[in-house]
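Trainee: Next up is a structure, given as structure tokens.
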Amino acid sequence: MRYLVTTLWTISEITFHCPVLELTRCQPYLVQLTGSVLVDRLNQKLRQFPDETELPIATRQDVEAAIPKILEAGGLYFRELWKVTLSSPEREAVECILRGEPPKNASTQILRKLVQKEVIELGEDGIYRLQVPLVERALRQFVADA
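All residue numbers for the sequence shown refer to the working numbering, where the first residue is 12 and numbers rise by one.
Okay, here's the thing in structure tokens:
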């Protein structure tokens, strides 16, 4: 296990870091969560094919396939963010952004707080969007389930 983890982080600058960092935007907990789920996934591959001479390397496809498990494993984190960390007006603004609508009813102060909390960012095109793709996927589920 230790060898596999070391190999993942050393070899995978191209195959592992890019999709993980894109998905998590380098937020430490999310990087750790994603890495943990990927290590479990790769260890399963090793158990399925024990005679393989090369260790499996996480690919972009592995990262994409692991997202449902990542969202499940990080469920408490995402629920806490949505229900506790964000106020009701902040959640309303995020819901507008998720629907692709400008958050018209949100004050500048609310939008500034969401930017400071690293939940949203203002794009070069002047449109607010969620900053972290993994968080966006989780919050889309909360909005859809509401």
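Glycine included, each C-beta is placed from N, C-alpha and C at the ideal position.
For R140, does the three-state DSSP call read helix, strand or coil?
Mentor: In the structure shown, R140 sits in a strand (DSSP, three-state: E or B).
Trainee: Could you give the C-beta distance for L82 and F89, rounded to a whole number, given that I count them as a contact under 8 Å?
Mentor: 7 Å
Trainee: By how many angstroms is the C-alpha of D73 removed from the C-alpha of V48?
Mentor: 10 Å
Trainee: In chain order, which alpha helix (DSSP H) runs of at least 4 residues are fully inside the segment 76-139?
Mentor: 86-91, 99-109, 119-127
Trainee: State the Cα-Cα distance for the pair N54 and D136, rounded to the nearest angstrom.
Mentor: Spanning the two alpha carbons is a distance of roughly 42 Å.
Trainee: If you reduce the DSSP assignment to three classes, tell me which class Q38 lands in.
Mentor: coil
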